[in-house]
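Undergrad:
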Amino acid sequence: MRRQRRERLYALFGLVVALLAGVVVALLATNLFPYHSVNDDEGVALLQAAMLLKGQMFLHPGQLADVVRPWSFVVADAPAELGGVKMYGKASPVISALFALSKASTGEFDVVLSVVAFGTTALVYGIAAQAFDRETGVLSALLLLGSPLFLVTSATFLPYAPTTLFALLFGFSYVRATRRESLSWSLLSGTAIGVAFFARPSTGVLFALPFLAHSLMSLWRARKGARFEAVLRRYLAIAVPGLAVVVLALVYNAVVTGDPFVFPYAAFAPDDGLRLGHRESLGAEQSYTPALAVETTGRLLWLFATKWTTAGLVGTLAFVVGLGVSLRRALTRRGPARRPSPLSKRGRAAAKMPEREVQLVLAAVVVSVVLGNAFFWGTLDSLQNGLVRLLGPFYYFDLLLPLSAFAAAGILTTARTLRRESRARFSPAEVRGVLLLALVVSVPVAATTEMQVLSDPFAENGQRTANLASTYEPIVETEFDDAVVFLPTPYGDWQQHPFQYLRNDPGFDGEVLYVLDEEPERDFETLGLTENRTPYRFTYRGEWTGAVDPVTPQLQQLDVLEGQRVNATSTLGVPARASNATVRIETVEGDARYDVADVNPNGTVTAEWTVGPDDARVTNLPAATANEAVRLPAGASEVDLVVTFVTQSGATVTYRQEATVEVSDERVRVVWPPETRVCRSTTECGTEGTYVGPEGDYVSGVSVETEARVVNETA
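721 is the number of the first residue of the sequence shown in our numbering; add one for each residue after it.
#1: Return the Cβ separation of Ser1401 and Thr1372 in integer angstroms, given the expectation that the two are a contact with Cβ distance under 8 Å.
#2: Excluding the five sequence neighbours on either side, which residues of its own chain have a C-beta within less than 8 Å of the C-beta of Arg1337, listed in chain order?
#3: So what does Asp1360 bridge to, in DSSP terms?
#4: Output yes or no for whether 9 Å exceeds the beta carbon distance between Trp1392 and Asp1279.
#5: Is it true that the CB of Val1196 sits closer than 9 Å to the CB of Arg1253?
#6: For the alpha helix (DSSP H) that contains Pro1439, what are its first and last residues?
#7: Does the distance from the C-beta atom of Phe1244 to that of Ala1428 stay below 9 Å?
#8: For Glu1408, I'd like the list of residues in its chain whose CB is within less than 8 Å of its CB, leaving aside the five on either flank, ordered along the chain.
#9: For the beta strand (DSSP E) that contains Gln1277, what are its first and last residues?
#10: Ends of the alpha helix (DSSP H) at Arg1442?
#11: So, are the CB atoms of Ala769 and Ala1125 less than 9 Å apart?
#12: For Leu784 and Arg896, I'd like the C-alpha separation in whole angstroms.
#13: In this structure, what does DSSP give as the bridge partners for Phe1365?
#14: Per the DSSP calculation, Ala1288 is bridged to which residue(s)?
#15: Quick one: using the 10 Å Cβ neighbour count with 16 as the cut-off for buried, is Lys823 buried or exposed?
#16: Answer with buried or exposed for Ala1435, where buried requires no fewer than 16 other C-beta atoms within 10 angstroms of its C-beta.
#17: On the three-state DSSP scale, how would you describe Arg1223?
#18: Starting from Thr911 and walking both ways along the alpha helix (DSSP H), at which residues does that stretch end?
#19: Buried or exposed, going by whether 16 or more other CB atoms sit within 10 Å of the CB of Gln1377?
#20: Considering only their Cβ atoms, is the gap separating Thr1326 from Thr1289 smaller than 9 Å?
#21: Specify, as a first and last residue, the run of the beta strand (DSSP E) that Val1412 falls within.
#22: Taking DSSP as the reference, what is the three-state secondary structure of Val1235?
#23: When the Cα of Ala1083 is compared with those of Leu926, Leu818, Leu1012 and Ala986, which residue comes out closest?
#24: DSSP has Asp806 in a bridge; who is on the other side?
#25: Quick check on Gln768: does DSSP put it in helix, strand or coil?
#26: Mapping DSSP to helix, strand and coil, what is Phe1206?
#27: Short of 8 Å in beta carbon distance, which residues of its chain neighbour Ala1298, apart from the five on each side in sequence? Order them along the chain.
#28: Ignore the nearest five residues each way along the sequence and tell me which others in Phe1200's own chain have a CB closer than 6 Å to its CB.
#29: Quick one: grab the DSSP three-state call for Glu1000.
#30: Figure out for me which residue from Gly846, Val1085 and Leu1292 has the closest Cα to the Cα of Ala933.
#31: For Leu833, tell me which candidate among Ala820, Tyr845 and Thr911 has the shortest Cα-Cα distance.
#32: Of all the options Asn1187, Gly1370 and Leu1361, which has the alpha carbon lying nearest to the alpha carbon of Val1381?
#33: Just reading off the alpha helix (DSSP H) that Ala1011 is part of, what are its end residues?
#34: Check each candidate in Val745, Asp979 and Met1073 and name the one with the smallest Cα separation from Ser893.
#35: Per the DSSP calculation, Cys1405 is bridged to which residue(s)?
#36: Could you check which residue in Val736, Val1268 and Ala875 has the C-alpha nearest to that of Ala746?
Encoded structure:
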């Protein structure tokens, strides 16, 4: 009875730790990652979840495909009645379905993250308790909760934590099925590993391999016994539902990619999988040699051991001790001092899959996951793109189970050994002193290292969240009503990359439609396709560094001015110490230059310019060249007003106003206001020179006022 009460108490402690994990992850998801992490794969899964909520497997963007293609979505042909094009994401529908279920049942996506964290922690407790005892299970759950990798990954909408949840459910159910000879647990186990495979095939396979080896060994041992049929029936009950889910995954592949053996992620990046040799993804190429695989694996494991596990090297040392002791006992068939009676219910169950076998399977999971991921080029890519620094070695998330279990075993083995040896050598009072001294020495060391490993990722991600918050501020504060927002493309022609927080409705019919800011012809096509929406331009001043450094954002409402001619006036502040200035009008056909007679310090220079169907010119300044105007090509193009100020030392400050124009049927259309940049020491610059209003950080004296009006000449 006393033992049963103690075990029930440990089970209660395990439940409390699991609940605490759910609460902590919920707080991190809403406070540390309110705009998601810098891994833009989160947006892929969330968009697919939104699609599932609307009963969609594909996006059908029609003629907007080029400007609304989300990150990691594959473009394929579709029937003409569906717009001729369809898109599907590389994320597994299993993960997206979890997120969709959370949204449908609670109104929020974030809730499922807390549930997954709770389930993961509870299952780590359960598996560790079956491999060792419930005391070890509770400590394993606590160690899991202290892992930065667990906390950070679980608080994001990435597939690693949910997939591992199903893998852990498989492992827990497998041990239960074996010990209890239960077909129900067998069916649950097989279903869980099938779902894990569907969610992330490599995770499902690598985690299942040690259990598969154990099942084959069990069948071999029972092959000539009376219980062979019962053992075979149990493992068939695991295999059949598992294979059924695998078949379901292949059917999904056939529907989505057209080939049952091509997963969506492989369709997105065909040469990016589990093998060595030439690897390629989105233009990045690498010869992934065995030596490079070994080096990459070593670097990631070192980072895992020192930065991303509970208490860093202290926790890793506990893992090594626990693993070593467990392997020695398992291989020499020596058990712990406290073993359940073979006559008890627990003892009879454990005899069918002894603790040492569970421990050996967990140790084999370490080998399987490490060796399997060594063949994956993505591990190297995660090092090169900096994601590991922020989110940890997430490809090794499955290692948290054996790491937590063996670390807990190592700590308890050390404590029990110290207590036993102290009792054998010292008096009770001296024993208490020895144990107190051990606590005084070990607890501060562990606490200090734990604070260190937690502080770095929290601080790094917190910095990026603060920068993302300021970046999105103009959009978050605007209530859109049938709007279309043009977004910059620092990472190329991808929606949600990097601005994954700005997601379109799956039907592209929400209150706001986000599109890419492209070349003039494409922009006018977009405006034509969204003519019933109010256009905006979202831009920023600064260089986009993945939210490492802040930028100053700007959201401008746009207007399309249309008529026989558009007259504009730009009044530009004279930068400090500027002594003269030149003005140019540029198009793809050439440029026209104009003189500025007087440049007054602390004053302004006004350029009145006009854009018509034939040409563009400045009208209030004398021409400096023979041509007073510059021709415009037919169709869409860009007209730039360029005003360069020069100081006596030769330094320059250039205002560049870029207006998107379209000429058709003797009329002109101009997108207004133009995009304005203030460039130092060059006449053309990128977003680092974007003018975002008077609150921006510019050279002293810089200011911009601009206006335009349509002129229709009468006969």
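The beta carbon of each residue, even a glycine, is placed where N, CA and C say it ideally should be.
TA: To lay it out plainly:
#1: Yes, they are in contact, since the Cβ atoms of Ser1401 and Thr1372 sit about 6 Å apart, within 8 Å.
#2: For Arg1337, where only same-chain residues beyond five positions count, the Cβ hits under 8 Å are Ile1305, Ala1312, Trp1329, Thr1330, Glu1348, Ala1349 and Val1350.
#3: Glu1306 and Glu1378
#4: Yes, they are a contact pair.
#5: With respect to Val1196, Arg1253 sits apart: the two C-beta atoms are not nearer than 9 Å.
#6: The requested residue 1439 is not part of the displayed model; the chain covers only 721 to 1435.
#7: no
#8: In its chain, beyond the 5 residues on either side, Arg1261, Gly1262 and Glu1263 have a beta carbon closer than 8 Å to the beta carbon of Glu1408.
#9: Thr1272 to Gln1277 is the extent of the beta strand (DSSP E) around Gln1277.
#10: Outside the displayed span of the chain (721 to 1435) sits residue 1442, for which this structure offers no information.
#11: Contact flag unset, no.
#12: 53 Å
#13: According to DSSP, which records beta bridges pairwise, Phe1365 is partnered with Ala1301 and Val1373.
#14: Trp1329 and Ala1428
#15: buried
#16: Interpretation of Ala1435 is limited by its pLDDT of 49, a score under 50 that renders its predicted location unreliable; no figure is taken from the coordinates.
#17: coil
#18: For Thr911, the enclosing alpha helix (DSSP H) stretches over residues Leu903 to Ala919.
#19: buried
#20: yes
#21: Where Val1412 is concerned, there is no enclosing beta strand (DSSP E), because DSSP gives it neither an H nor an E.
#22: strand
#23: Minimum Cα-Cα distance from Ala1083 among the listed residues Leu926, Leu818, Leu1012 and Ala986 corresponds to Leu926.
#24: The displayed chain sequence assigns Lys, not Asp, to residue 806. Partner(s): Ala796.
#25: Correct three-state label for Gln768: helix.
#26: strand
#27: Val1319, Pro1321, Phe1365, Val1366, Thr1367, Val1373 and Gly1421, listed in sequence order.
#28: Once the five neighbours on either side are set aside, the close Cβ partners of Phe1200 are Glu1231 and Val1232.
#29: strand
#30: Val1085
#31: Ala820
#32: Leu1361
#33: Pro1010 to Lys1027
#34: Met1073
#35: Partner(s): none; Cys1405 has no beta bridge.
#36: Ala875
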